[in-house]
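This report refers to the structure that appears directly beneath it.
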Amino acid sequence: MKGFSRRPLLAVDAQGYGRSSPLRQHWIQEAVPRVLDEAAEEVGFDRAAWLTQVAGDSALSILPVEESEPRLVDDFMRHLDSAIQGVNDGRQPDAWLQLRAAVHYGPVTLAASGFSDRGTVEVARIRDSRPLRQALRLSAGARLAVAVSREVFNTVVVSAYTTLRTAEFREVRVREKEFDDTVWIRVLGGDVHGLGDLGDPGGDEPPPGGGPAPGGTPGPGPDPAPGQQAVQNFNATVEGPVIGIQNNPRP
6 MKGFSRRPLL AVDAQGYGRS SPLRQHWIQE AVPRVLDEAA EEVGFDRAAW
56 LTQVAGDSAL SILPVEESEP RLVDDFMRHL DSAIQGVNDG RQPDAWLQLR
106 AAVHYGPVTL AASGFSDRGT VEVARIRDSR PLRQALRLSA GARLAVAVSR
156 EVFNTVVVSA YTTLRTAEFR EVRVREKEFD DTVWIRVLGG DVHGLGDLGD
206 PGGDEPPPGG GPAPGGTPGP GPDPAPGQQA VQNFNATVEG PVIGIQNNPR
256 P
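In this text, residue positions in the sequence shown follow the numbering used here: the first is 6, and each later residue adds one.
Structure representation (structure tokens):
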């Protein structure tokens, strides 16, 4: 990956991580990459080829161009839900791993300290948005809530490149700092349309002072100055010739 590129983007985050005990936080940090690995293997994705930034309970991945967007939105999420059920087996519901996932297709550029450009900013804003948090919190027994961007919904779901029906998604407005757009939310194993208010159509307001987002996960960065482009940098371990990117192979 050199210079500008448009890529499939996946961002995930564990619900309630910041409220968890240190022991449970340690378990979550082990469980998140495990379920992503399992889902990718079931679908036939090569996670070793993903450029992934891991930060505690969250992960942001830049997928290779050849990875199928329809399979990411459809098959991968189904297997991810199954993998989460596996790691939750034997645990009380209040100790379950629950994930929010966001899928986007957008511009990414390699920067000196990791990724930059609007694509990574936008997928992180969608993942951390109030409507997606609310959808998972209000869905009793659900383990996974997924939001897809306008680009992904129109190109992949509306165009019938998946087995999913458009009625399985709920349209909401997300306003997170510099991001203001419509996204579509699906709760696996739940009825997203029966959840009441998710913060739409007004969307979310950023935390006061631009501090960490709810749940203890730092937000993607401060608001850009007028006239500047929104840029998000991720610090990662240096491996090989690429600076700031960590390739996380499967164990």
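Virtual Cβ for every residue (Gly too), placed ideally from N, Cα, C.
Whole-Å CB distance - Y110 paired with R178, under 8 Å assumed: Contact flag wrong, Cβ pair sits at about 20 Å.
Which stretch, first to last residue, makes up the beta strand (DSSP E) that contains T187? 184 to 192
With DSSP as the reference, label P27 as helix, strand or coil. helix
So what does DSSP say about G111, is it helix, strand or coil? strand
Beta-carbon contacts of Q233 that lie in its chain and below 6 Å, excluding the five residues immediately before and after: Because Q233 sits at a pLDDT of 46, beneath the cut-off of 50, its placement in the model cannot be relied upon, and the following sentence gives the value as read from the coordinates. Hits under 6 Å: none found.
Apart from the five residues on each side of it in sequence, which residues of its chain come closer than 7 Å, Cβ to Cβ, to R24? none
Just verifying my parser: in three-state terms, what is the DSSP assignment at S154? strand
Collapsed DSSP secondary structure at P75 in the structure displayed: In this structure, P75 counts as helix in the three-state DSSP scheme.
According to DSSP, residues forming a beta bridge with P98: Residue pairing of P98 in beta bridges, as defined by DSSP: absent, with no partner found.
Reduced DSSP category for A145 - H, G, I as helix; E, B as strand; rest coil: coil
When the Cα atoms are used, what is the spatial distance from P27 to A165? 43 Å
Please classify D133: is it buried, with 16 or more other beta-carbons within 10 angstroms of its beta-carbon, or exposed? D133 comes out buried.
Simplified DSSP state of Q34, which is helix, strand or coil: helix
To the nearest whole angstrom, what separates the beta carbons of Q20 and L104, a pair I think is in contact under 8 Å? 7 Å
DSSP has A60 in a bridge; who is on the other side? S63
In terms of DSSP beta bridges, what is A16 paired with? L65, A107
In three-state terms, what does DSSP make of V162? V162: helix per DSSP, three-state reduction.
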